[in-house]
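Q:
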Amino acid sequence: MNIGKEPKYKQLMDFIIEYIKNGDLKHNDKIFSENELMEKFNISRHTVRTAINRLVNEGWLYKQQGKGTFVSDPSAHLKNKGKLIGVVITYLKDYIFPDIITGIEEVLSEENYSILLGSTNNKIEKERMVLTNLLNNNLAGLIIEPTKSVFPNPNKDIYQKFIDRGIPIIYIHGHYNNISASYIEEDDNLAGFMATEHLVELGHKNIGGIFKSDDIQGHGRYEGFINCLRKHDLPISEKGTMWFSTEDIGTFYKDESYSKIIIERLRDCTAVVCYNDQIALRILEIFDKAGINVPENYSVIGFDNSKIAESAKLTTIAHPKSALGSKAAKSLIKIINNQNLVIKEKMRPTLIVRESSKKIK
1 MNIGKEPKYK QLMDFIIEYI KNGDLKHNDK IFSENELMEK FNISRHTVRT AINRLVNEGW
61 LYKQQGKGTF VSDPSAHLKN KGKLIGVVIT YLKDYIFPDI ITGIEEVLSE ENYSILLGST
121 NNKIEKERMV LTNLLNNNLA GLIIEPTKSV FPNPNKDIYQ KFIDRGIPII YIHGHYNNIS
181 ASYIEEDDNL AGFMATEHLV ELGHKNIGGI FKSDDIQGHG RYEGFINCLR KHDLPISEKG
241 TMWFSTEDIG TFYKDESYSK IIIERLRDCT AVVCYNDQIA LRILEIFDKA GINVPENYSV
301 IGFDNSKIAE SAKLTTIAHP KSALGSKAAK SLIKIINNQN LVIKEKMRPT LIVRESSKKI
361 K
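Below, the structure written as structure tokens:
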């Protein structure tokens, strides 16, 4: 292997491909071990693994767990066009997600990539099914919004299969703490701080909060919320701070007795920070039915700057949406071209002030 301008992993790839083309390695033959390749070419284990994973992804090789790496069918690499990207998010058709997909699709189409869409409905087993199905396709990469991301990832074994095949992964919106991976997400901690700071600047001293318990975004926004209150030496209302999970959504929207509980828990507050615009809109509905005037008696702020925030004239923290999708797609392409690259970026949110927040009298 000649030491030239090409990365060492690419030179190793070329060496193995040439071996296969010359017939020195045939279909189902086991290739050299990692230690043999490291010693033969004086390269690191990481370099060897990068080369092997890319050859697996391109169809030249395949892996059998516990047995090793073998030569694929000679035509397998021809079937792998390397131009298909898996895109998996929690919900496809509503809220901010169409804008995110548009941002991803615009970038990938310019680079001649196609996308294969999937949704998990924020369900662990649905995520497992979607990822398993995607493994049957010749993916060049995966963009995914994690499911119930605040918990340890229960599908780590499936993600490992993507890694073993050399398929790079980039997370959007959040990431699992028990997996080291690239991600592009909004700075939710800063978003929570900005939302709370806006209410503090309007004179509110007793501020409630409603956050999502099973997604890392909810925890980030809560952390920003309490950081702001501590900065201004304001109390954290434990009674007025509420949590809900994916499975609680139906109760939150349909159970009128739950609405009464919300009003009671927020009674001592004058403002509330809501996990997203959908929750904020539901709070506006609950207040309206109870005769509580917004913003005269109460200020409400959401997150994401969705279309419902515009129509409801809701003060909110704007999510990057299509810009986040675009950046995720561009980052994934960079990683496809250089699998040693790790990208971790948090995008800055923006405050959008509308009519649901007002200076307290």
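Following full-length UniProt numbering, the numbering of the sequence shown begins with 1 at its first residue and continues without gaps.
Think of the CB as a built atom: it goes at the ideal place given N, C-alpha and C, for glycine as much as any other residue.
1. CA-CA distance, residue 51 and residue 94?
2. Is residue 284 helix, strand or coil when you go by DSSP?
3. Less than 8 Å between the beta carbons of residue 100 and residue 69, yes or no?
4. By Cβ distance below 6 Å, which residues in the same chain neighbour residue 290 in space, the five residues on each side in sequence not counted?
5. So, at 8 Å on beta carbons, what are the nonlocal neighbours of residue 158 in its own chain, with the 5 sequence-adjacent residues on each side left out?
6. Count the other CB atoms within 10 Å of the CB of residue 180; is the residue buried (16 or more) or exposed (fewer)?
7. Taking the CB atoms as reference points, tell me whether residue 242 and residue 221 lie closer together than 8 Å.
8. When the Cα atoms are used, what is the spatial distance from residue 175 to residue 37?
9. Tell me whether residue 347 sits in a helix, a strand or coil according to DSSP, three-state version.
10. I need the DSSP call for residue 192, collapsed to helix, strand or coil.
11. For a minimum of 3 consecutive residues, which ranges assigned as the beta strand (DSSP E) are wholly contained in the UniProt domain "HTH gntR-type" (6–74)?
12. Can you have a look at residue 58 and say buried or exposed, based on whether 16 or more other CB atoms are within 10 angstroms of its CB?
13. Helix or strand or just coil, what does DSSP make of residue 166?
14. Taking its Cβ as the centre, do 16 or more other Cβ atoms sit within 10 Å of residue 54, making it buried, or is it exposed?
15. Starting from residue 141 and walking both ways along the alpha helix (DSSP H), at which residues does that stretch end?
16. Is DSSP giving residue 151 helix, strand or coil here?
17. Does the beta-carbon of residue 325 have 16 or more other beta-carbons within 10 angstroms, so that it is buried, or is it exposed?
18. Work out the CA separation of residue 14 and residue 26 for me, nearest whole Å.
19. From residue 288 to residue 102, what distance separates their C-alpha atoms?
A: Answer, in terms of the structure:
1. 40 Å
2. helix
3. no
4. Short of 6 Å from the beta carbon of residue 290, and not among the five residues preceding or following it, lie these beta carbons of its own chain, in chain order: 263.
5. The answer, listed in chain order, is 128, 131, 132 and 135.
6. exposed
7. no
8. Counting only the Cα atoms, residue 37 lies some 34 Å from residue 175.
9. Residue 347 falls in the strand class under three-state DSSP.
10. In this structure, residue 192 counts as helix in the three-state DSSP scheme.
11. List check, beta strand (DSSP E) in window: 61–64 and 68–71.
12. buried
13. coil
14. buried
15. It is not in any alpha helix (DSSP H) - residue 141 instead sits in the beta strand (DSSP E) that spans 141–144.
16. coil
17. buried
18. For residue 26 and residue 14, the distance between alpha carbons rounds to 16 Å.
19. Their backbone Cα atoms lie some 35 Å apart in a straight line.
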